[in-house]
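Protein chains in written order, with our numbering: chain A, 226 to 460; chain B, 103 to 330.
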Amino acid sequence: MSDMTNTQAAPQQPASTAMIVTLSLIAALSGFLVVSVYQFTKPIIAENKRLAIEQAVLQVIPESTAYQPMVLDNGKLMKPGETEGGITIYVAYDKNKEFIGVAADGQAQGYQDKIQLIYGYKPACECITGKKIIKLAETPGLGDKIITDAKFNANFDALSAKIHKSGTKLAHKIVATNPGKKNFPWQIDSISGATISSVAVGKAINDSAQVILPQVNRFLAKLKEERYEPVIQQQ
Amino acid sequence: MSQSSNNSNTEQVAEDKITSSTFMEGIWENNPVFVMLLGLCPVLAVTNSTINALAMGLATMFVLLASGGLVSILRNHIPKQVRIATYIIIIATFVTIVDYLIQAISLELYNALGAFIQLIVANCMILGRAEAFASRNPPMKTFVNNLGMGIGFTIALLCLGTVREMLGSGTLLGFPLFGATFEPWVVMILPPGGFFVLGGWLLLFDWLKNRKEEQAKLAEIQEAPLGN
């Protein structure tokens with residue numbers, strides 16, 4: 226054994242070129258493979274993401290059949306690509322291609338991790354018309370009831386979101402109350418045993434709606450008039 | 103090594119032969135989870151439902167097969183000093199590929215598996231097989247052995263996933279099993295449930311193994327002449 230290690234130890238130094246060449250070639254091969262697969266899957270992944278958003282938007286705005294993303298940036302309404310940054314909203318249209326409402330993203334800290342959701346807003350009733358949880362890490366069987374609980378979801382059928390007359394915020398803060406203590410149409414009745422998750426849903430919607438909905442209200446005429454041709458039609 | 107060079111050719115042929123144990127090793131005798139206890143991080147983390155367990159098992163098997171194959175093909179060209187670094191690059195490449203492929207197949211599945219896709223790279227079973235088997239055996243034999251290992255790993259994940267989903271959610275592959283009166287044991291789909299169920303399976307396999315050994319011993323004693 227010792228004989229073997231001695232004979233092998235000697236030629237170790239000059240072999241460094243071989244090591245460098247091997248590692249470089251492996252790295253190059255690796256790069257090639259990863260880039261090929263990335264290029265191949267990129268359009269499929271983008272389509273998957275688009276479908277996931279589309280499904281969510283059409284779900285949170287009843288009667289909507291198509292949508293297109295728009296960007297709110299520095300008090301202006303723009304098409305995606307015209308600006309870097311800004312807040313993306315999803316403008317939804319009904320089957321007559323008439324403007325019907327908008328959907329937007331919201332997020333807030335839940336019990337375990339951030340809860341991400343999409344909610345819909347209809348200017349006709351000045352109310353939130355639905356919410357869909359995109360991502361959560363709440364306790365299974367308890368916190369994740371915010372997705373499935375029918376009574377909780379009924380809160381979002383027509384959750385009042387009137388704009389304050391100053392036009393810069395909502396007239397009432399959207400907030401989750403203790404279970405069974407809902408007194409006003411802008412309150413959300415929490416799920417017993419999942420209060421923290423319920424409050425997080427309320428906060429996610431409120432934080433986002435306070436900023437976005439007043440701006441949407443300001444652009445309402447523009448949104449209705451311009452009749453953007455939706456690129457995406459529901460099959 | 104040089105001393106046995108005259109024998110090495112015949113030995114090489116014998117070693118390269120693919121037998122049923124090449125395949126079965128990973129499924130039973132040296133099951134990566136239940137016997138070698140390797141790669142337990144994903145085993146415990148993503149087995150809260152059958153579909154997650156299956157997806158994780160298949161993803162790991164893909165990485166195992168692809169990286170094992172490449173390591174085996176290149177085994178005579180990789181300098182010994184940089185072999186681990188090379189294996190890790192190869193494994194990381196296929197993990198990244200699997201990551202993109204799963205995103206392309208289903209975003210929902212990708213979100214459910216979370217960070218554990220990327221963490222396949224740190225699954226010691228894969229590096230272990232590259233070092234212990236793929237770097238010493240021809241591609242075909244490596245493929246057969248790794249296929250066994252991958253199936254063994256997937257079976258182990260499914261063993262945990264099905265039990266945890268049945269007890270923790272009362273469903274199997276999303277279909278309800280026990281009717282409305284069943285109150286799910288939520289703890290089973292939480293992290294402690296992973297440990298409970300893994301412990302249960304290990305107990306069962308150990309008990310089976312012990313019983314087999316005891317029976318063999320008993321048979322030996324009975325067969326031995328009385329005088330002894």
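Where a beta carbon is used, it is the ideal one built from N, C-alpha and C, also for glycine.
The structure presented is a predicted model; accordingly, all values stated were derived computationally and were not measured.
DSSP-derived helix/strand/coil call for residue i
i, result
"Gln337 (chain A)", "coil"
"Ala318 (chain B)", "helix"
"Leu302 (chain A)", "strand"
"Val148 (chain B)", "coil"
"Ala326 (chain B)", "coil"
"Ile371 (chain A)", "helix"
"Ser271 (chain B)", "helix"
"Thr247 (chain A)", "helix"
"Ala187 (chain B)", "helix"
"Thr256 (chain B)", "helix"
"Lys376 (chain A)", "helix"
"Pro439 (chain A)", "helix"
"Met251 (chain B)", "helix"
"Ala401 (chain A)", "strand"
"Gly345 (chain A)", "strand"
"Ile358 (chain A)", "strand"
"Cys143 (chain B)", "helix"
"Leu176 (chain B)", "coil"
"Ala328 (chain A)", "strand"
"Cys350 (chain A)", "coil"
"Met138 (chain B)", "coil"
"Ala419 (chain A)", "coil"
"Asp382 (chain A)", "coil"
"Asp414 (chain A)", "strand"
"Leu160 (chain B)", "helix"
"Ala282 (chain B)", "coil"
"Leu292 (chain B)", "coil"
"Met226 (chain A)", "Its pLDDT being 44, under 50, Met226 (chain A) is placed unreliably in this model, and the value from its coordinates should be taken loosely. Looking at Met226 (chain A) - three-state DSSP - the assignment turns out to be coil, as it is neither helix nor strand."
"Pro268 (chain A)", "helix"
"Glu450 (chain A)", "helix"
"Thr244 (chain B)", "helix"
Contacts around residue i, its chain only, beta-carbon distance under 7 angstroms, and the 5 residues preceding and following it disregarded
i, result
"Asp201 (chain B)", "Ile219, Gln220"
"Asn132 (chain B)", "Met138"
"Ala325 (chain A)", "Contrary to the premise, residue 325 (chain A) reads as Ile rather than Ala in this sequence. Cβ within range, chain order: Ile286, Glu288, Ser289, Ala317, Tyr318, Asp319, Lys347."
"Phe444 (chain A)", "Leu302"
"Ala419 (chain A)", "Leu367, Gly368, Lys370, Ile371"
"Gly310 (chain A)", "Asp298"
"Phe297 (chain B)", "Leu146"
"Met126 (chain B)", "Gly250"
Whole-Å CB distance - residue i paired with residue j, under 8 angstroms assumed
i, j, result
"Ile167 (chain B)", "Thr256 (chain B)", "Note that residue 167 (chain B) corresponds to Leu in the displayed sequence, not to Ile. Not quite, the Cβ-Cβ distance comes to about 12 angstroms (not below 8 angstroms), so this is no contact."
"Val288 (chain B)", "Gly301 (chain B)", "The pair is not a contact, with the Cβ atoms about 18 angstroms apart (cut-off 8 angstroms)."
"Ser174 (chain B)", "Asn239 (chain B)", "6 angstroms"
"Ile399 (chain A)", "Trp411 (chain A)", "5 angstroms"
"Ile343 (chain A)", "Ala362 (chain A)", "Not a contact, Cβ separation roughly 17 angstroms."
"Ala243 (chain A)", "Pro241 (chain B)", "The Cβ separation is near 22 angstroms, so there is no contact."
Proximal residues to residue i (C-beta, below 8 angstroms), its chain only, five neighbours per side dropped
i, result
"Gly295 (chain B)", "Asn150, Arg266, Leu269, Gly270, Trp287, Val289"
"Leu142 (chain B)", "Val135, Leu300"
"Val197 (chain B)", "Val165, Ile219, Gln220, Ile222, Val223"
"Asn442 (chain A)", "Pro348, Ile388, Gly392"
"Asn312 (chain B)", "none"
Close-in-space but distant-in-sequence residues of the same chain around residue i (CB under 6 angstroms, 5 per side omitted)
i, result
"Arg177 (chain B)", "Ser237"
"Lys407 (chain A)", "Asp414"
"Asn380 (chain A)", "Ile413, Asp414"
"Ala401 (chain A)", "Ile413, Ser415, Ser423, Val424, Gly427"
"Gly252 (chain B)", "Met163, Leu166"
"Pro404 (chain A)", "Ser415, Ser417"
"Gln460 (chain A)", "Because Gln460 (chain A) carries a pLDDT of 41, less than 50, the predicted location of this residue cannot be relied on, and the following value inherits that uncertainty. Closer than 6 angstroms at the Cβ level, and outside the excluded window around Gln460 (chain A), lies no residue."
For the segment 353-369 of chain A and the segment 309-320 of chain A, state whether three or more C-beta atom pairs, one from each stretch, are separated by less than 8 angstroms.
no
Report the residues of the segment 284-303 of chain B with a CB closer than 8 angstroms to any CB of chain A, ordered along the chain.
Pro286, Val288, Ile291, Leu292
When Cβ atoms are compared, which residues of the segment 184-211 of chain B fall closer than 7 angstroms to chain A?
Val184, Ala187, Thr188, Ile191, Ile192, Thr195, Thr198, Ile199, Tyr202, Leu203, Gln205, Ala206, Leu209
Contacting positions in the segment 353-371 of chain A - beta carbon closer than 9 angstroms to chain B
Ile359, Lys360, Ala362, Thr364, Pro365, Gly366, Leu367
Contact the segment 432-439 of chain A vs the segment 382-401 of chain A: 3+ CB pairs below 8 angstroms
yes
Looking at chain B, which residues of the segment 413-436 of chain A have a Cβ within less than 9 angstroms of any of its Cβ atoms?
none
Below 8 angstroms, how does it come out for the segment 225-234 of chain B and the segment 281-294 of chain A: are there three or more Cβ pairs, yes or no?
no
Three or more beta-carbon pairs under 8 angstroms between the segment 243-260 of chain A and the segment 182-197 of chain B, yes or no?
yes
I want to know whether the segment 330-343 of chain A touches the segment 423-430 of chain A - three or more CB-CB distances under 8 angstroms.
yes
If you measure beta-carbon to beta-carbon, which residues of the segment 375-409 of chain A are closer than 7 angstroms to chain B?
none
Short-range partners of chain B found in the segment 243-270 of chain A, where Cβ spacing is below 7 angstroms:
Ala243, Met244, Thr247, Leu248, Ile251, Ala252, Ser255, Leu258, Val259, Val262, Tyr263, Thr266, Ile269, Ile270
Taking a cut of 7 angstroms between CB atoms, which residues from the segment 274-289 of chain A lie near chain B?
Lys274, Ala277
What are the residues of the segment 167-183 of chain B that lie near chain A, defined by any Cβ-Cβ distance shorter than 9 angstroms?
Leu172, Leu176, His179, Ile180, Pro181, Lys182, Gln183
Using a beta-carbon distance cut-off of less than 8 angstroms, what residues from the segment 211-224 of chain B approach chain A?
Asn213
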